[in-house]
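*Asks:*
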Amino acid sequence: MENIVEVKNLTKEYKKKKAIDDLSFDVYKGEILGFLGPNGSGKSTTINCILALLNFSKGKIKIFGKEMKPNSYDLKKKIGVVFQDVAVFEELTVFENIDYFCGLYIDDKNTRKKYVEDAINLVGLQEFKKYYPKQLSGGLLRRLNIACGISHKPQLIFLDEPTVAVDPQSRNNILDGIKKLRAEGATIVYTTHYMEEVEILCDRVIILDKGKIIASGTNDELKDLANIKERITVETKDLDNNHLNEITQLPEVFEALYEDGILKISYKNEKNNLENVIDYLKSNQIKYRKIYSERPTLNDVFLELTGKELRD
Amino acid sequence: MIIYKTFFKVLNKCKFPVILYTVLLLFFAGFNMSSNDKSMDFTAEKPEIMVINHDKEEGLTKNFIEYLKQNTVIKDINNDEESIKDALFYRDVQYIIYIPENFGEKFLDGKNPQIEVKSTSDYLSTLANMIVERYMKVAKNYVGSTSDNEELFSKINETLGKKAEVEVTSKMDTSTISRLTRYFNFSAYSFIAISIYVICTIMLKFNEDKIAKRTAIGSIDYKKINLKLLIANSGFCFAIWGIYFIFARILIGEIAFSEYGLYYALNSLIFVLSTVTLAFLVSKFVKNKNTITAFVNIIGLGSSFLCGVFVPMEFIPDFVLKIAHVLPAYWFVSNNELIGSTEVFAGEFFKNFCINGAVVLGFALVFFIATNIVSKKKVEK
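Order-wise, the sequence lines are chains S and B. Everything in the first sequence is counted per this note's numbering, starting at 1 for the first residue and increasing by one. Everything in the second sequence is counted per this note's numbering, starting at 313 for the first residue and increasing by one.
Below you can see the structure in the form of structure tokens.
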């Protein structure tokens, strides 16, 4: 696999406090690499260092095989960035904003016009071309922000929490757009603290905490790191302590918790667990409203590795 | 091209405060030009004096007082110490002469009676002193030349009556040129204020952290972006300069398009380059709209007061003018004064005009280099 980004031993210190601590990873061509971590874990700092927007204390960064420097304009031409904060001109319309930021890469007016139209279509802003940013909702603004970052059709795209504070419709639109970009051949680095997005989008995931990589791999590889393999949730009000003790003794049960009418049973393996629970509930004539089975989430992995929730 | 286009779109959105600011400064320039219209024409002045005579008003004393009446304005003020002190303090009179008892008699006898005087020590009191001394010297020369007092007084009066004819050969319309000089001197403040206000207002959008970050990851060199933005800013400021020049024609007349007007225009055009680059540099430090006003006041008013924009340079202390050398406005105002005082535009004038202009251009270059250094630091933080 071709490496598009190579990061070796990257360290960034702020007044002797390490914001990033000895980070090493690669980004492969055509993949979506997810950076998952709570706020302040070093995701944005890592991206800013890779883009040479921040000096760093130690380490080496190569993009497309070349060292990235503030004046690496040939490399910058191939990179698109969507920052966490919406960065657009209030004085320009949707079309003019995208045209301006595209113009920082593309000189030819006709090519640029086509690219701008493509970006508008990608994020679904066709009806809002002549709108000013203040006339757009939060979700539409985020879409505009993305269009401004990717309109020049970059080969490598950094998306830094592009769906923060976005309504579900816009979020789906944004996630679809990202999938389309990948389908068109772009390599994407995607940072977020929404594990669901990572699970939907990313081929590989790097989990960061306090500036360190605490785990990396595919979704499945990461989930294997968790002790539990399945979780069954039952909504019932007819449970007492005896029942709970008996459930804990069922085969493969790792842990059983009952709180506020919700029973959560964690399993070490995925072997007919749902069937066993239903059999137990029937035989003890315990009525339940809802029962469902889940695989462990990345939050479980994070909890396992750090002892805290991802969204703490 | 996209940068120019965006610049003017942003400018268009800020047009109302920009137009208001420009109109206000043009109004002030016009007002400043018409007020304090100091004429360059010569008019003889008479000092205001008071004569306290302890002698009899006859003979030489009478002749002396008559002479004073012709050459000064004699005021009638109470002859008590308090009133005299007040009159001097409030400049009601600049000179007080005490003629002692038997002054005329003693003078004609060849003795040297002393006249006591009090003065305010300004130039009018000096003039009064010169008038008195002139009479004493002439009278002394004729005393003893004749025994007939009437003949003596006649000789004295004849000598003192001789006057030098002064013919002004210059064809300069000094009054209009003075107005033009003041108008263009004031333009230093206008150009600094407009440049800083407008450029910082627009650049605030381009330099906003989020936008600047996005621009920094673009594939255009920051120096190229700076240059393009500087050219766009200059375009706007040159337009303001054009309006200012046309306004000079409307207010002052044909002379604005004369050789004088064209030199003033060239000088101000060079100065605009320095104000644009200065404002462009300042814009890199502006964080919000409130700081723009602070910069306009500190740099605009500071430069203007230090460099003789509001107050003529001759009234500014030397040490202040020495400090002002580090500001482009000083060299700009110096060139305006040079143009205003020149009758023939040749030789020494060209040399001095070019030196002052080159210094202003030097400032512009320094400001632009400094802007690029600041931009580099911001890109590579």
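Ideal Cβ positions, reconstructed from N, Cα and C, are used throughout, including at glycine. Predicted, not measured: the structure shown is a model, and the values here were computed from it.
Closer than 9 Å between beta carbons: that is the criterion. Which residues of the stretch 600 to 612 of chain B meet it against chain S?
*Replies:* Cβ contacts with chain S come from no residue of the stretch 600 to 612 of chain B.
*Asks:* Please indicate yes or no: does the CB of ARG143/S lie closer than 7 Å to some heavy atom of the ligand ZN?
*Replies:* Looking for the ligand ZN in the displayed structure turns up nothing, as the structure carries no ligands at all.
*Asks:* According to the neighbour-count rule (16 or more other Cβ atoms, all chains shown, within 10 Å of its Cβ), is ASN55/S buried or exposed?
*Replies:* Against the first sequence, residue 55/S aligns to sequence position 55. ASN55/S comes out exposed.
*Asks:* Nearest CA to the CA of PHE340/B: which residue from TYR495/B, PHE548/B, TYR575/B and ASP434/B?
*Replies:* Taking the second sequence and counting its residues from 1, one reaches residue 340/B at position 28. That would be TYR495/B, whose Cα lies nearest to the Cα of PHE340/B.
*Asks:* Could you spell out the range, first to last residue, of the beta strand (DSSP E) harbouring ASN365/B?
*Replies:* Here residue 365/B is taken as the residue at index 53 of the second sequence, counted from 1. Start and end: 360 to 365.
*Asks:* Buried or exposed for CYS549/B, going by 16 or more other Cβ atoms inside 10 Å?
*Replies:* What you label residue 549/B is simply residue 237 of the second sequence in a count that begins at 1. The residue in question, CYS549/B, is buried, as its Cβ has 16 or more Cβ neighbours within 10 Å.
*Asks:* Under 9 Å Cβ-Cβ, which residues of chain B neighbour ILE63/S?
*Replies:* Within the first sequence, residue 63/S is the residue found at index 63, counting from 1. Going along chain B, no residue has its Cβ under 9 Å from ILE63/S, so there is no contact; the nearest lies around 12 Å.
*Asks:* Report all residues from its chain with a CB closer than 8 Å to the CB of SER395/B; omit the five preceding and five following residues, and keep chain order.
*Replies:* In the second sequence, residue 395/B corresponds to position 83, counting from 1. Same-chain partners within the cutoff: ILE389.
*Asks:* Consider the Cβ of ASP533/B: report whether some Cβ of chain S lies at a distance smaller than 8 Å.
*Replies:* Working through the second sequence from its first residue, we reach residue 533/B at position 221. Yes, contact with chain S.
*Asks:* Considering just the uninterrupted stretch of the beta strand (DSSP E) at SER487/B, what are its terminal residues?
*Replies:* Taking the second sequence and counting its residues from 1, one reaches residue 487/B at position 175. It is not in any beta strand (DSSP E) - SER487/B instead sits in the alpha helix (DSSP H) that spans 486 to 518.
*Asks:* With distance defined between alpha-carbon atoms, name the residue in TYR435/B, LEU436/B and TYR407/B nearest to ILE427/B.
*Replies:* Residue 427/B sits at position 115 when you count from the first residue of the second sequence. Of TYR435/B, LEU436/B and TYR407/B, the residue nearest in Cα terms is TYR407/B.
*Asks:* Taking just the CA atoms, how far does ALA215/S sit from LYS599/B?
*Replies:* Here the question's residue 599/B lines up with position 287 in the second sequence. Here the question's residue 215/S lines up with position 215 in the first sequence. Rounded to whole angstroms, LYS599/B to ALA215/S spans 40 Å at the Cα level.
*Asks:* Quick check on VAL322/B - is its C-beta less than 8 Å from some C-beta in chain S?
*Replies:* Translated into positions along the second sequence, residue 322/B becomes position 10. So yes, VAL322/B belongs to the interface.
*Asks:* Using a Cβ-Cβ cut-off of less than 7 Å, list which residues of the stretch 518 to 533 of chain B approach chain S; keep chain order.
*Replies:* Correct list: LYS522, ILE523, LYS525, ARG526, THR527, ALA528, ILE529, GLY530, SER531, ILE532 and ASP533.
*Asks:* Can you list, in chain order, the residues of the stretch 61 to 86 of chain S whose Cβ is nearer than 8 Å to any Cβ on chain B?
*Replies:* Listed in sequence order: PRO70, ASN71, TYR73, ASP74, LYS76, LYS77, ILE79, VAL81, PHE83, ASP85 and VAL86.
*Asks:* Would the beta-carbon of PHE89/S fall within 8 Å of that of VAL588/B?
*Replies:* Mapped onto the first sequence, residue 89/S falls at position 89. Mapped onto the second sequence, residue 588/B falls at position 276. No, they are not a contact pair.
*Asks:* Just to check my reading of the structure: GLY124/S and ARG143/S have Cβ atoms closer than 8 Å, yes? What is that Cβ distance to the nearest angstrom?
*Replies:* Start at 1 with the first residue of the first sequence, and residue 124/S comes out as number 124. Start at 1 with the first residue of the first sequence, and residue 143/S comes out as number 143. Contact holds; Cβ gap of about 7 Å.
*Asks:* Please state whether DSSP places ILE4/S in a helix, a strand or coil.
*Replies:* The sequence position of residue 4/S within the first sequence is 4, counting from 1. Looking at ILE4/S - three-state DSSP - the assignment turns out to be strand.
*Asks:* Tell me the DSSP bridge mates of ILE386/B?
*Replies:* By one-based count along the second sequence, residue 386/B stands at place 74. BP columns for ILE386/B point to ILE361/B.
*Asks:* What number of angstroms, rounded off, separates the C-alpha of TYR447/B from the C-alpha of TYR435/B?
*Replies:* Against the second sequence, residue 447/B aligns to sequence position 135. Against the second sequence, residue 435/B aligns to sequence position 123. The alpha-carbon atoms of TYR447/B and TYR435/B are separated by roughly 19 Å.
*Asks:* Based on Cα-Cα distance, which residue from TYR642/B, TYR534/B and PHE679/B lies nearest to ILE667/B?
*Replies:* As a first step, residue 667/B must be located in the second sequence, where it is residue number 355. Nearest C-alpha to ILE667/B: TYR642/B.
*Asks:* Under DSSP, the beta strand (DSSP E) around LYS268/S begins and ends at which residues?
*Replies:* Here residue 268/S refers to the residue found at position 268 of the first sequence. Per DSSP, LYS268/S belongs to no beta strand (DSSP E) and is neither H nor E.
*Asks:* Give the interface partners of VAL691/B over in chain S, defined as CB-CB distance under 9 Å, in chain order.
*Replies:* Stepping through the second sequence from its first residue, residue 691/B is reached at position 379. Result: ALA52, LEU53, PRO70 and ASN71.
*Asks:* Rounding to the nearest angstrom, what Cα-Cα distance links ILE213/S and LEU122/S in this structure?
*Replies:* As a first step, residue 213/S is located in the first sequence; it is residue number 213 there, counting from the start. As a first step, residue 122/S is located in the first sequence; it is residue number 122 there, counting from the start. Using only the alpha carbons, I get a separation of about 33 Å.
*Asks:* Quick check on this structure: which residue in ILE32/S, VAL277/S and LEU92/S has the alpha carbon closest to the alpha carbon of ARG204/S?
*Replies:* Here residue 204/S is taken as the residue at index 204 of the first sequence, counted from 1. Here the closest residue by C-alpha is ILE32/S.
*Asks:* Which residues bound the alpha helix (DSSP H) around LYS43/S?
*Replies:* One-based indexing of the first sequence puts residue 43/S at position 43. Note, LYS43/S: alpha helix (DSSP H), 43 to 50.
*Asks:* Between the stretch 145 to 161 of chain S and the stretch 70 to 87 of chain S, do at least 3 Cβ pairs fall closer than 8 Å?
*Replies:* Contact between the stretch 145 to 161 of chain S and the stretch 70 to 87 of chain S is present, because at least three Cβ pairs lie under 8 Å.
*Asks:* Mind checking whether VAL638/B and VAL510/B have CB atoms under 8 Å apart?
*Replies:* Counting from one through the second sequence, the residue named residue 638/B turns up at place 326. Counting from one through the second sequence, the residue named residue 510/B turns up at place 198. No; because the gap between Cβ atoms is not below 8 Å, this pair is not in contact.
*Asks:* Using beta-carbon positions only, say whether MET357/B and LYS387/B come within less than 8 Å of one another.
*Replies:* Against the second sequence, residue 357/B aligns to sequence position 45. Against the second sequence, residue 387/B aligns to sequence position 75. It is worth fixing the name first, because residue 357/B is Glu in this sequence and not Met. In this structure, LYS387/B does not lie closer than 8 Å to GLU357/B by Cβ.
*Asks:* With distances taken Cα to Cα, identify the nearest neighbour of GLU221/S among LEU298/S, TYR288/S and ASN273/S.
*Replies:* Along the first sequence, one-based indexing puts residue 221/S at 221. Among LEU298/S, TYR288/S and ASN273/S, the Cα nearest to that of GLU221/S is on LEU298/S.
*Asks:* From the beta carbon of THR493/B, is the nearest beta carbon of chain A less than 8 Å away?
*Replies:* Within the model displayed, chain A is absent; protein chains S and B are what it includes.
*Asks:* What residue from TYR190/S, LEU263/S, VAL164/S and VAL27/S has the CA that sits closest to ASN245/S's CA?
*Replies:* Along the first sequence, read from residue 1 onward, the residue named residue 245/S stands at position 245. Ranking TYR190/S, LEU263/S, VAL164/S and VAL27/S by Cα distance to ASN245/S puts LEU263/S first.
*Asks:* In chain B, which residues lie less than 7 Å from TYR190/S when you measure between Cβ atoms?
*Replies:* Along the first sequence, read from residue 1 onward, the residue named residue 190/S stands at position 190. Residues of chain B passing the Cβ test: none, with the nearest at roughly 17 Å.
*Asks:* Using a Cβ-Cβ cutoff of less than 6 Å, which residues in the same chain neighbour PHE559/B once the five nearest sequence positions on both sides are dropped?
*Replies:* Indexing the second sequence from 1 puts residue 559/B at position 247. Here the set comprises LEU338.
*Asks:* Three or more C-beta pairs closer than 8 Å, one from the stretch 162 to 178 of chain S and one from the stretch 129 to 144 of chain S: is that the case here?
*Replies:* The stretch 162 to 178 of chain S is in contact with the stretch 129 to 144 of chain S.
*Asks:* Thinking ASN497/B and VAL632/B are a contact (beta carbons under 8 Å), I'd like their distance in whole angstroms, please.
*Replies:* Locating residue 497/B in the second sequence gives position 185, counting from the first residue. Locating residue 632/B in the second sequence gives position 320, counting from the first residue. Not confirmed; about 16 Å, so no contact.
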